[in-house]
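The structure appears right after this line, and notes come after that.
Protein chains: 2
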Amino acid sequence: MLTIGQLAAYAGVTVRAVRHYHQIGLLPEPERDASGYRRYGATAAVSLIKIRTLADAGVPLSQISRLLEADASAFAEAIRTIDNHLRAEIERLETSRRHIAQLTAGDSLALPPEVAAYLDRLRSIGASERIVEAERDGWILVTARWPDRIVEWMPGKVAELDDPKVARLYRVLSEIFDDDVEDDPRLAEAADIMACLAEQAYAAGEVIVGEEADDDLPHDLLDALAVESDPRVERLRELMRERGWSGWNRMERLAEPPA
Amino acid sequence: MLTIGQLAAYAGVTVRAVRHYHQIGLLPEPERDASGYRRYGATAAVSLIKIRTLADAGVPLSQISRLLEADASAFAEAIRTIDNHLRAEIERLETSRRHIAQLTAGDSLALPPEVAAYLDRLRSIGASERIVEAERDGWILVTARWPDRIVEWMPGKVAELDDPKVARLYRVLSEIFDDDVEDDPRLAEAADIMACLAEQAYAAGEVIVGEEADDDLPHDLLDALAVESDPRVERLRELMRERGWSGWNRMERLAEPPA
DNA sequence: GCTTGACCTTGACGCTGCGTCAACCCTCCA
DNA sequence: TGGAGGGTTGACGCAGCGTCAAGGTCAAGC
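These protein sequence lines are chains U and X, in that order. Its first residue numbered 1, the first sequence is counted upward by one per residue in our numbering. Its first residue numbered 1, the second sequence is counted upward by one per residue in our numbering.
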């Protein structure tokens, strides 16, 4: 007669595992000796080894008792089912590995490489790290909403950066937000450039990137994001309104430009 | 300002997941509105999307906050660690799949194919299903103890089955144990054959398979298994003692054969 | 006969990442 | 004004044990 420790050692499992199998009814509780110890016979050892064999093969404990009683065809069928689960799980993990391989750098987190390239381009024309991060967060929101369309938009956005006025704007914004001046005079300069660019786009009849008309939420979020990242954005929007433009991501000409 | 449901929908997660992230401190609790509802800004949406991106890549939630604050090299290092975990997990599951592929039939459960072949041979010489199952369980115990030596023992065991006396023995035992007669006269016949076989083995100086001398446990278990599967085995052992042999798996000649 | 260490007992929490009630409150629309 | 469809906290459940806690028991050496 074996004690629980001897039984567990023979089958190559832990004592805790054996007790767990008792708890869930997978292995019947044996008789106790005078002092209350569990005493096991050879049959229990055989059962435990069978259980471990199936468990090691990835069979859920809840199915093992059924499996041990099943006939050959039911057994084979159950094995197929379990193997499919295993395959699916492996596939899931391999997908994770592919995802994780994409996450090498900080910028590409939650962003396609095209956007990362755009952000690098932004850096190269003089945008500060703060500005780049703000842009990155904005594109994270956009990517979450239109993951498939993002790639087709990026070439146009990258091209925009070739405009010296755009480069100038980003540099001015970088200076503003890197300092901590409450009412920076350069805000007006930035507003002037932005108004000029808006005029340009309006004249060219350009449809602003991301305009889907039926879904304002992402645009509202982008606006909110800008304000949350720095309250002076609110001041900039005021200045833009004075120049006849409302909005932030999507500029709209006000009905009646002020005198 | 977003409600929790809107936020969750935007990031493509469940409301419950968002609350969970609050609980574990992964996503900061936002302000509440007058009625106690959580109200989220755009920053929260960005954070949540970053969290999901890492979580979908298989990063444990407990490490995500560290990862989001890490610099490029620490980030890369952490990613490597996580990728190693993923690889190990995939390896584990693939090992499971290989194991499970071996479990096609009932006999091969916890047994190498050589033993399954031996059992088939047993069937072919007329052993009943009960006897074969008892043999199988015995071999499960042996395999658990000496998994590597089992293969080298099997050819000898299979060869033994060519002996017509052995075949006769198994058929007699099959008849005995398939019926439910308390004091079967065929028990004596079986004992006669066994004694004869033991004498044969003794004369040939054969070392009984599995004799390791320093480890009695498996043999004791095999003896116990036989008795547990049918109490009439005890009667058989008595009859063997009368014929000058003790033991069951390992027969030993008694010092003084009774008259 | 007493100590010591190894083993046994039950009970309960911890881990991972949420899903899923329960019981109740808030908002919005017809 | 009522009902549908949000939101709130609290709690259990899941798989498969690991790991205390707080003891009782056994075998061996002194």
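Think of the CB as a built atom: it goes at the ideal place given N, C-alpha and C, for glycine as much as any other residue. Because the structure is a prediction, the values reported are computed rather than measured.
52(U) is the residue among 82(U), 97(U) and 52(U) whose C-alpha sits nearest the C-alpha of residue 111(X). Counting only residues of its own chain and dropping the five nearest sequence neighbours on each side, residue 127(X) has a CB closer than 6 Å to the CB of 170 and 174. Taking the beta carbon of residue 96(X) as reference, the chain U residues within 8 Å of it are 56, 57, 58 and 86, listed in sequence order. Straight-line measurement puts the Cα of residue 245(X) at about 15 Å from the Cα of residue 205(X). Closest in alpha carbon position to residue 40(U), among 24(U), 19(U) and 54(U), is 19(U).
Apart from sequence neighbours up to five positions away, no residue of its chain approaches residue 133(U) with a beta-carbon distance below 8 Å.
Your pair residue 193(X) and residue 172(X) checks out as a contact, with CB atoms roughly 7 Å apart and the cut at 8 Å. If you check each beta-carbon in the region 219 to 233 of chain U against every beta-carbon of chain X, the ones closer than 9 Å belong to 220, 221, 222, 223, 224, 225, 226, 227, 228 and 229.
Neighbours of residue 89(U) in chain X, taken as residues whose beta carbon is under 8 Å from its own, are 93 in chain order.
In the structure shown, residue 129(U) adopts helical secondary structure according to DSSP, grouped into three states.
Assignment of residue 235(X) by DSSP, reduced to helix, strand and coil, places it in the helix class.
Closest by C-alpha distance to residue 101(X), out of 47(U), 81(U), 98(U) and 100(U), is 81(U). Using a Cβ-Cβ cut-off of 7 Å, residue 7(X) does not count as an interface residue toward chain U, since no Cβ of chain U sits closer than that to its own. When CB distances to chain X are screened at a threshold of 7 Å, the residues of the region 29 to 46 of chain U falling below it are 41, 42, 43, 45 and 46, in chain order. Per DSSP, the unbroken alpha helix (DSSP H) holding residue 192(X) starts and ends at 186 to 203.
Between residue 110(X) and chain U, the shortest Cβ-Cβ separation is below 7 Å. Of the residues 166(X), 86(X) and 177(X), the one whose Cα lies closest to the Cα of residue 56(X) is 86(X). The three-state secondary structure of residue 7(U), taken from DSSP, is helix. Chain U has no Cβ within less than 7 Å of the Cβ of residue 14(X). Put simply, the CB of residue 50(X) is near chain U, with a gap under 7 Å to one of its CB atoms.
A contact between stretches requires three or more CB pairs, one per stretch, nearer than 8 Å, and the region 234 to 249 of chain U fails this requirement with the region 13 to 30 of chain X. For residue 183(U), no alpha helix (DSSP H) encloses it, and the DSSP letter there is neither H nor E.
Taking one beta carbon from each stretch, the region 116 to 123 of chain X and the region 152 to 171 of chain X have 3 or more pairs nearer than 8 Å; the two touch.
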